[in-house]
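Take the sequence shown: its letter number 155 is residue 155 in UniProt numbering, and every next letter is one higher. Cβ coordinates follow ideal geometry from the N, Cα and C atoms, glycine included.
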Amino acid sequence: MTCARLCHEPWAPREREGMLSVTPSGDDRGDAARSTVPSMSGLQCLLYMSRATGEMAPADIDRLLEGARQRNRSRGVTGALLHYDGRFLQVLEGEPEAIDQCFERIQGDRRHERITPLYRAPIEVARFPEWSMRYVSSSGPADRAVSAFLDQLQAQPTEATVKQAITLLHRLAAGSAHWQAR
């Protein structure tokens, strides 16, 4: 796998310093490393983290999900949202303009802060095509490994941690013993 670099490509206007884009490493559906040139599919993947501004009750989460799922379906956006320990980790997939619109709305949402885009790059195939917004939360005891991983990802995103984050979201979204997906 080739080294990651900061993403400042002209075809990705919403990218911020610190967000990764990576060069090709072969294409398997699970690979977070994608080309820094637009894909033939026209799809992009955006991964970001944020922190909740306050405690979110289950009803608050339900309202958030209902609105996001409706908007995402209408825009052709898919993805997954992990809510753990007051933090959000979200991956979005779709056409660049739809991702831009979605992320602009996210940035204006007062329910979270410290919104940090970590990765944006073209993808050949959506990894979350069946979910307009899959939601994942812990249903068991605190998971120190996930917490430590999120700390590391937020502090210093690398090609490897971005790939691991997208894989983690996909696995948890598909179902896991101590994680609830809906």
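Residue i - DSSP class collapsed to helix/strand/coil
i	result
residue 91	strand
residue 162	helix
residue 145	helix
residue 52	strand
residue 74	helix
residue 58	helix
Proximity to residue i [Cα-Cα], best of the options
i	options	result
residue 128	64, 63 and 73	73
residue 171	107, 82 and 96	82
residue 111	47, 167, 63 and 182	63
residue 94	78, 138 and 155	78
residue 182	98, 58, 50 and 166	58
residue 75	168, 163, 52 and 97	97
Exposure label - residue i; buried when at least 16 CB within 10 Å
i	result
residue 117	buried
residue 173	buried
residue 144	exposed
Bridge partners - residue i, DSSP secondary structure assignment
i	result
residue 44	94 and 122
residue 168	Bridge partners of residue 168: none, in fact.
residue 81	90 and 135
residue 117	48
Tell me whether the segment 119–127 and the segment 40–55 touch, counting them as touching only if at least three CB pairs, one residue from each stretch, are closer than 8 angstroms.
yes
Stretch pair the segment 145–159 + the segment 94–111: three plus CB contacts closer than 8 angstroms
no
Counting pairs of beta carbons, one from the segment 52–70 and one from the segment 130–137, are three or more of them closer than 8 angstroms?
The segment 52–70, when compared against the segment 130–137, does touch it at the 8 angstroms Cβ threshold.
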